[in-house]
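Visitor: Please find one structure pasted underneath; my questions will follow.
There are 2 protein chains.
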Amino acid sequence: MDVITSRQNSSIRAAAKLNHSAAFRRQEGKFLLEGARLCRDAVQSGVQVLTAYFTSDAMQKYRPYADEISAKAQQAFEIEPHVAQLLSDTKHSQGVFCVCQMPPKDPPASLAHGHYLALENIQDPANLGAVLRTGEALGIDGVILAGDCCDLYSPKILRASMGAVFRLPVYFAPAVLALFSRWHEQGFITWAAVPAQHAIPVTKADFSGPSILLVGNEGAGLSDDVIQQASCCVTIPMRGRAESLNAAASASILMWEMLRGLA
Amino acid sequence: MDVITSRQNSSIRAAAKLNHSAAFRRQEGKFLLEGARLCRDAVQSGVQVLTAYFTSDAMQKYRPYADEISAKAQQAFEIEPHVAQLLSDTKHSQGVFCVCQMPPKDPPASLAHGHYLALENIQDPANLGAVLRTGEALGIDGVILAGDCCDLYSPKILRASMGAVFRLPVYFAPAVLALFSRWHEQGFITWAAVPAQHAIPVTKADFSGPSILLVGNEGAGLSDDVIQQASCCVTIPMRGRAESLNAAASASILMWEMLRGLA
Numbered sequence: 001m002d003v004i005t006s007r008q009n010s011s012i013r014a015a016a017k018l019n020h021s022a023a024f025r026r027q028e029g030k031f032l033l034e035g036a037r038l039c040r041d042a043v044q045s046g047v048q049v050l051t052a053y054f055t056s057d058a059m060q061k062y063r064p065y066a067d068e069i070s071a072k073a074q075q076a077f078e079i080e081p082h083v084a085q086l087l088s089d090t091k092h093s094q095g096v097f098c099v100c101q102m103p104p105k106d107p108p109a110s111l112a113h114g115h116y117l118a119l120e121n122i123q124d125p126a127n128l129g130a131v132l133r134t135g136e137a138l139g140i141d142g143v144i145l146a147g148d149c150c151d152l153y154s155p156k157i158l159r160a161s162m163g164a165v166f167r168l169p170v171y172f173a174p175a176v177l178a179l180f181s182r183w184h185e186q187g188f189i190t191w192a193a194v195p196a197q198h199a200i201p202v203t204k205a206d207f208s209g210p211s212i213l214l215v216g217n218e219g220a221g222l223s224d225d226v227i228q229q230a231s232c233c234v235t236i237p238m239r240g241r242a243e244s245l246n247a248a249a250s251a252s253i254l255m256w257e258m259l260r261g262l263a
Numbered sequence: 001m002d003v004i005t006s007r008q009n010s011s012i013r014a015a016a017k018l019n020h021s022a023a024f025r026r027q028e029g030k031f032l033l034e035g036a037r038l039c040r041d042a043v044q045s046g047v048q049v050l051t052a053y054f055t056s057d058a059m060q061k062y063r064p065y066a067d068e069i070s071a072k073a074q075q076a077f078e079i080e081p082h083v084a085q086l087l088s089d090t091k092h093s094q095g096v097f098c099v100c101q102m103p104p105k106d107p108p109a110s111l112a113h114g115h116y117l118a119l120e121n122i123q124d125p126a127n128l129g130a131v132l133r134t135g136e137a138l139g140i141d142g143v144i145l146a147g148d149c150c151d152l153y154s155p156k157i158l159r160a161s162m163g164a165v166f167r168l169p170v171y172f173a174p175a176v177l178a179l180f181s182r183w184h185e186q187g188f189i190t191w192a193a194v195p196a197q198h199a200i201p202v203t204k205a206d207f208s209g210p211s212i213l214l215v216g217n218e219g220a221g222l223s224d225d226v227i228q229q230a231s232c233c234v235t236i237p238m239r240g241r242a243e244s245l246n247a248a249a250s251a252s253i254l255m256w257e258m259l260r261g262l263a
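Top line first, the protein sequences correspond to chains A and B.
Position one of the first sequence corresponds to residue 1 (the numbering used here), numbered consecutively onward.
Position one of the second sequence corresponds to residue 1 (the numbering used here), numbered consecutively onward.
Right, here's the structure in full:
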């Protein structure tokens with residue numbers, strides 16, 4: 001395996017830029033992944049690994065992971081620790097990195113019948129990562145990122161989602177409203193989550209058919225257009241201080257309710 | 001208002017130490033709070049403010065907050081920006097700080113009938129903060145920190161809980177097992193949350209009576225002793241990848257189920 005000793009190496013410079021720039025990730029259609037377990041999860045989930053980098057320590061310490069990753073990567077390099085530092089987003093790096101191809105994530109024109117979560121304009125990476133992780137545990141069939149959400153491939157989301165990013169179908173729908181009529185024709189019910197009291201309490205909602213649950217931005221909630229186009233509005237009845245429920249907790253409870261009868 | 005211009009000021013040095021040392025917080029029975037909204041929430045919730053510090057910018061920008069805080073504080077000082085930096089735990093400090101007395105949090109020998117969450121050995125401050133915040137929203141009657149949980153008054157928890165720390169009854173129970181027999185005599189059912197399939201699915205559990213829900217550590221779950229002493233075991237039935245549900249998400253869904261019929 002060739003060894004990269006310089007931080008000026010062009011492949012390293014490009015990889016580091018993928019870590020810091022969402023625009024560069026979009027332009028290249030690639031992202032950088034860090035950590036032995038996450039890189040192995042990506043490989044096992046069929047994500048295409050273009051280049052893998054390992055420190056020599058990492059190749060010893062995480063040998064089974066490193067072997068599995070190298071076997072699938074188009075290229076693999078050893079990197080010196082000071083080079084690894086440049087790629088790392090964490091305090092204590094494991095010294096394992098992959099540059100991966102973004103999987104195709106076209107807006108789902110025809111969605112297989114099932115139960116989906118659509119998030120509109122979610123801005124907090126930790127929230128998005130946590131919601132993906134919980135959604136995977138609860139058995140959601142897919143997640144739709146509507147409008148202008150934070151970048152799915154930021155290091156923070158990749159970490160917080162614990163690999164759910166790779167295992168869950170995640171679709172991009174910048175113009176989500178255009179998809180509503182097709183979804184409704186296909187038999188989906190779209191549920192707009194709102195704090196309003198006039199909405200259907202989630203405990204009384206019938207999620208037995210194909211369902212898409214729409215959850216909005218942390219501060220502003222769903223946009224008015226989405227609320228108006230949705231089949232119905234749903235709300236979480238609360239005994240306590242409603243303003244204290246954040247978007248991630250709301251999405252978790254709503255997904256749980258949607259899937260609760262199906263487990 | 002007197003102005004503190006030096007980082008060597010003994011009151012400032014002690015306040016900064018409260019921010020960084022859980023041991024010093026315990027020894028002094030005090031903690032440091034940062035942020036206009038959080039400090040105002042503490043005052044409104046009856047937390048005793050010993051000393052308040054404001055930068056001159058903050059006194060202008062957050063005047064209604066600063067006035068309310070100063071009125072209740074035993075002492076108040078203006079501090080210069082470089083002094084504020086020493087106290088701050090955030091990148092963009094608002095320049096508002098309070099040294100507060102820890103409220104008494106004795107283990108609840110006799111607990112008012114209601115619905116409680118008990119967390120055992122929770123180590124992640126962000127998880128604990130998020131759970132307190134969600135618990136307040138859902139209307140939990142109180143939270144019991146059992147065993148060796150992370151410090152309730154760390155800056156991260158105070159921020160993540162959005163003031164729920166002050167508004168919710170939170171009790172410390174280092175030796176939680178000693179309390180079980182009293183709780184059971186009082187008519188409480190204690191529910192141990194476990195991943196085991198033989199446990200009662202949370203959707204079938206009867207939480208109509210006085211209930212204490214027990215949730216364990218992020219990695220290890222509840223201790224065996226707690227599981228054995230609890231009235232019964234409860235579990236979250238899942239369609240998806242169960243290992244992906246973390247302690248905060250589990251606690252949120254379990255609290256939701258416990259309180260769902262009562263809203």
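The C-beta atom is built at its ideal place from N, Cα and C for all residues, glycine as well.
All values derive from a computational prediction rather than experimental measurement.
Do you know whose CA, among K61(A), E78(A), A73(A), L32(A), lies nearest S6(A)'s CA?
Guide: Checking every option, the nearest Cα to that of S6(A) belongs to E78(A).
Visitor: Using the C-alpha atoms, what's the distance from F54(A) back to Q27(B)?
Guide: Cα-Cα distance, rounded: 46 Å.
Visitor: Would you report the Cα separation of L254(B) and L213(B), rounded to the nearest angstrom?
Guide: For L254(B) and L213(B), the distance between alpha carbons rounds to 8 Å.
Visitor: Using a Cβ-Cβ cut-off of 7 Å (strictly less than) and excluding sequence neighbours within five positions of K30(A), which residues of its own chain qualify?
Guide: Excluding positions up to five away in sequence, the list reads L18, L50, V99, C100, Q101, M102.
Visitor: Any contact between the stretch 159-176 of chain B and the stretch 192-211 of chain B? By contact I mean 3 or more CB pairs, one from each, below 8 Å.
Guide: They do not touch, by the three-pair rule.
Visitor: Enumerated in chain order, which unbroken segments of the alpha helix (DSSP H) with a length of 4 residues or greater are wholly contained in the stretch 170-202 of chain A?
Guide: DSSP runs (the alpha helix (DSSP H)) wholly in the stretch 170-202 of chain A: 177-185.
Visitor: In terms of residues, what are the limits of the alpha helix (DSSP H) holding A160(A)?
Guide: Here the alpha helix (DSSP H) through A160(A) covers 155-160.
Visitor: Does any residue of chain B have a CB that is nearer than 8 Å to the CB of A76(A)?
Guide: With 8 Å as the cut-off, A76(A) does not count as an interface residue toward chain B.
Visitor: For A42(A), return the contacting residues in chain B, with the cut-off set at a CB-CB distance below 8 Å.
Guide: Result: empty, since nearest Cβ-Cβ is about 16 Å, beyond 8 Å.
Visitor: Between E257(B), P210(B), D67(B), G216(B), which has its C-alpha nearest V176(B)'s C-alpha?
Guide: That would be G216(B), whose Cα lies nearest to the Cα of V176(B).
Visitor: Of all the CB atoms in chain B, is at least one closer than 8 Å to the CB of M303(A)?
Guide: This structure does not reach residue 303(A), given that chain A is present from 1 up to 263, and the question cannot be answered.
Visitor: Alpha carbon to alpha carbon, how far is V226(A) from F172(A)?
Guide: Spanning the two alpha carbons is a distance of roughly 16 Å.
Visitor: Residues of chain A with CB closer than 7 Å to the CB of G129(B), please, in chain order.
Guide: Near G129(B) there are no residues of chain A at all, since even the closest Cβ is about 11 Å away, more than 7 Å.
Visitor: Using the three-state DSSP reduction, which class does H92(B) fall into: helix, strand or coil?
Guide: DSSP places H92(B) in coil when its eight states are reduced to three.
Visitor: How is C150(A) classed by DSSP in three states: helix, strand or coil?
Guide: It is coil, neither helix nor strand.
Visitor: Tell me the residue span of the beta strand (DSSP E) that contains I79(B).
Guide: First-last of the beta strand (DSSP E) with I79(B): 75-79.
Visitor: S211(A) lies in the alpha helix (DSSP H); which residues open and close that run?
Guide: That residue, S211(A), is in no alpha helix (DSSP H); its beta strand (DSSP E) goes 211-215.
Visitor: Can you grab the Cα-Cα spacing for the pair V43(B) / Q75(A), in whole Å?
Guide: If you take the alpha carbons of V43(B) and Q75(A), they lie about 59 Å apart.
Visitor: Measure the alpha-carbon distance for R63(B) versus L222(A) and round it to whole angstroms.
Guide: Answer to the nearest angstrom: the Cα atoms are 32 Å apart.
Visitor: With a Cβ-Cβ cutoff of 8 Å, do G114(B) and P201(B) count as a contact?
Guide: Contact flag unset, no.
Visitor: Considering only the beta carbon of each residue, do I4(A) and V83(A) sit closer than 8 Å?
Guide: Their beta carbons are under 8 Å apart, which means I4(A) touches V83(A) by this criterion.
Visitor: For S252(A), go through chain B and note every residue whose CB falls closer than 7 Å to its CB, in chain order.
Guide: Near S252(A) (Cβ distances below 7 Å), the residues of chain B are A249, S252, I253.
Visitor: Counting Cβ pairs closer than 8 Å, one from the stretch 129-145 of chain A and one from the stretch 85-96 of chain A, do we hit at least three?
Guide: The stretch 129-145 of chain A, when compared against the stretch 85-96 of chain A, does not touch it at the 8 Å Cβ threshold.
Visitor: Going by DSSP, name the residue or residues bridged to L33(A).
Guide: Paired residue(s): C98(A).
Visitor: How is H113(A) classed by DSSP in three states: helix, strand or coil?
Guide: Residue state, collapsed to three classes: coil.
Visitor: Whose CA, out of E68(A), P237(A), A16(A), E34(A), lies closest to the CA of G46(A)?
Guide: Cα-wise, what sits closest to G46(A) is E68(A).
Visitor: First and last residue of the beta strand (DSSP E) that includes T235(B)?
Guide: That run of the beta strand (DSSP E) goes 232-235.
Visitor: Quick one: does E136(A) have its CB under 8 Å from some CB of chain B?
Guide: Taking Cβ atoms only, chain B reaches closer than 8 Å to E136(A), which makes this a yes.
Visitor: Using DSSP's beta-bridge definition, name the partner residues of L119(B).
Guide: Its beta-bridge partners are L145(B), V215(B).
Visitor: In the DSSP output, which residue or residues are listed as bridge partners for T55(B)?
Guide: Its beta-bridge partners do not exist; DSSP assigns none.
Visitor: At a CB-CB cut-off below 7 Å, which residues of chain B make contact with R26(A)?
Guide: Those within 7 Å of R26(A) in chain B number zero; the least Cβ separation is about 26 Å.
Visitor: Quick one: which chain B residues come within Cβ less than 8 Å of M162(A)?
Guide: Going along chain B in sequence order, the residues near M162(A) (Cβ under 8 Å) are S244.
Visitor: Name the chain B residues that come within less than 9 Å of M238(A), Cβ to Cβ?
Guide: The contacting residues are A137, L138, G139, L259, A263.
Visitor: Taking 8 Å as the cut-off, decide whether the C-beta atoms of P174(A) and C150(A) are in contact.
Guide: Not closer than 8 Å, so no.
Visitor: Please report how far the alpha carbon of D106(B) lies from the alpha carbon of L145(B), in whole angstroms.
Guide: In a straight line, the C-alpha of D106(B) is about 11 Å away from that of L145(B).
Visitor: Nearest to V131(A) by CA position, among Q60(A), D41(A), E218(A), S244(A), is which residue?
Guide: Considering only alpha carbons, the answer is E218(A).
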